[in-house]
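Structure record follows, encoded as structure tokens.
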Amino acid sequence: MYAGRFAPSPTGPLHFGSLVTALASFLRARQQSGRWLVRIEDIDPPRQPGDAIERIVGSLIAHGLDWDGELTFQSKRSSHYDQAIEQLRQSGLIYPCDCSRRQIKDAGAKIGDAGLGLIYPGTCRHSPPLHGDSLALRIRVNDEVIRFDDLLQGPQEQNLSKASGDFLLRRRDGLYSYALAGTVDDILQGITEIIRGADLLSETPRHIYLTRKLGVEVPKYGHVAVALNPAGQKLSKQNYARALDDNQAGENLVAALRFLRLPVQNDMPQLPISEIIDWAISNFSLDTMKGVESQRVNF
Ligand code: GLU
1 MYAGRFAPSP TGPLHFGSLV TALASFLRAR QQSGRWLVRI EDIDPPRQPG
51 DAIERIVGSL IAHGLDWDGE LTFQSKRSSH YDQAIEQLRQ SGLIYPCDCS
101 RRQIKDAGAK IGDAGLGLIY PGTCRHSPPL HGDSLALRIR VNDEVIRFDD
151 LLQGPQEQNL SKASGDFLLR RRDGLYSYAL AGTVDDILQG ITEIIRGADL
201 LSETPRHIYL TRKLGVEVPK YGHVAVALNP AGQKLSKQNY ARALDDNQAG
251 ENLVAALRFL RLPVQNDMPQ LPISEIIDWA ISNFSLDTMK GVESQRVNF
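See below:
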């Protein structure tokens, strides 16, 4: 059965850009008569303001995005991440690492070709630290090209050894990486298709690699064009994107549907939220967003 999800990091309240991705994944799941789950990716406590989770949940409800089952919280799922690490360790793919960012730079690391930052030069792969209190864990990658056909952005490929090198599963401060936690949850929650923002496109090959190494079938992916502010930056908390006003849910939904290129009518914002959502489920199609590039919005 189809299962999709929305997986916000609670670094702040939802903004227009996150509404677009939430809505696209919701509409796709509902149209496929599938399940739609909401998972709060609260694995980075220092970056999470105290009321962000409540505000996100409040906004989803106000905008008529009803999820199935219980909300899940990554902060409560460490045992699953540890089990996955153990499985990968038994496959001989993991090694400890005590390199600081500075040491990685000093080792002459090159910048990867996928916008993911420095390529880990493999220092600890060749001579792993024997002991230490704060060791990170990395997974070995190889010189293979990972390919996938994105439902919205078309064929993609990335060679992990040229994009990031051996990447982190757990950081030196003990926090799990987004790649590990997200991938493990998508597997355990039985997610069959992942609709999310195109800003995550270059992260996806690492998720595919991990999924394969954990011996599981890879889900389908569709990366939706992201909303940009008038200066051309992705809407995000860092760029001071405005929080969604839940009292304007009709207007917000209609603007998000317009962004998704649905043929909305001018009088739609006045309709009850449930009617806007029903109309959107009947009219949604992934096709309208195929190949669409990031778009500027006045939000
Ligand atoms: N938590 C990630 C974010 O808010 C999204 C993860 C995902 O959809 O895979 O950017």
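Be aware that the sequence shown starts at 1, since it is given in the working numbering, and climbs by one per residue. In this text, a Cβ means the ideal position worked out from N, Cα and C, and glycines have one as well.
Item: Host beta strand (DSSP E) of residue 169 (start-end); Value: 167-170
Item: Proximity test, Cβ basis, 8 Å: residue 42 and chain D; Value: Annotation note: the requested chain D is absent from the structure, which comprises a single protein chain.
Item: CA nearest to the CA of residue 267, picked from 230, 112 and 254; Value: 254
Item: Top-ranked residue by Cα proximity to residue 292, from 273, 136 and 223; Value: 223
Item: Residue 202 vs residue 117 beta-carbon contact at 8 Å; Value: no
Item: Spatial distance of residue 139 from residue 40 (CA atoms); Value: 25 Å
Item: Segments assigned alpha helix (DSSP H), at least 4 residues, entirely inside the region 105-171; Value: 123-126 and 160-163
Item: Range of the contiguous beta strand (DSSP E) that encloses residue 221; Value: 220-224
Item: C-beta atoms of residue 119 and residue 165 nearer than 8 Å; Value: yes
Item: For residue 3, the first and last residue of its enclosing beta strand (DSSP E); Value: 3-6
Item: Option nearest residue 209 by Cα separation, candidates 157, 235, 146 and 178; Value: 146
Item: Whole-angstrom distance between residue 42 and residue 74, CA atom to CA atom; Value: 6 Å
Item: beta-carbon residue 41 near the ligand GLU non-hydrogen atom, thresh 7 Å; Value: yes
Item: Sub-8 Å separation of residue 187 and residue 214 beta-carbons; Value: yes
Item: From 226, 173, 190 and 216, residue whose alpha carbon lies closest to that of residue 198; Value: 226
Item: Selected residue, minimal CA-CA separation from residue 245, among 231, 15 and 219; Value: 15
Item: Alpha-carbon to alpha-carbon, residue 46 and residue 190; Value: 29 Å
Item: Boundaries of the alpha helix (DSSP H) in which residue 258 is found, first to last residue; Value: 249-259
Item: Sequence ranges, alpha helix (DSSP H) only - wholly within the region 255-290, length at least 4; Value: 273-283
Item: Residue 46 in three-state terms, based on DSSP; Value: helix
Item: Alpha-carbon to alpha-carbon, residue 95 and residue 129; Value: 9 Å
Item: Supposed contact pair residue 151 and residue 286 - C-beta distance, whole angstroms, cut 8 Å; Value: 6 Å
Item: Closer than 7 Å: residue 7 CB and nearest the ligand GLU heavy atom; Value: yes
Item: Three CB pairs or more closer than 8 Å across the region 52-61 and the region 5-13; Value: yes
Item: Heavy atom of the ligand GLU within 7 Å of residue 27 beta-carbon; Value: no
Item: Element boundaries [beta strand (DSSP E), containing residue 95]; Value: 94-97
Item: As assigned by DSSP and simplified to three states, the class of residue 16; Value: helix
Item: CA-to-CA distance, residue 284 to residue 17, given in whole angstroms; Value: 18 Å
Item: Residues that DSSP places opposite residue 176 in a beta bridge; Value: 170
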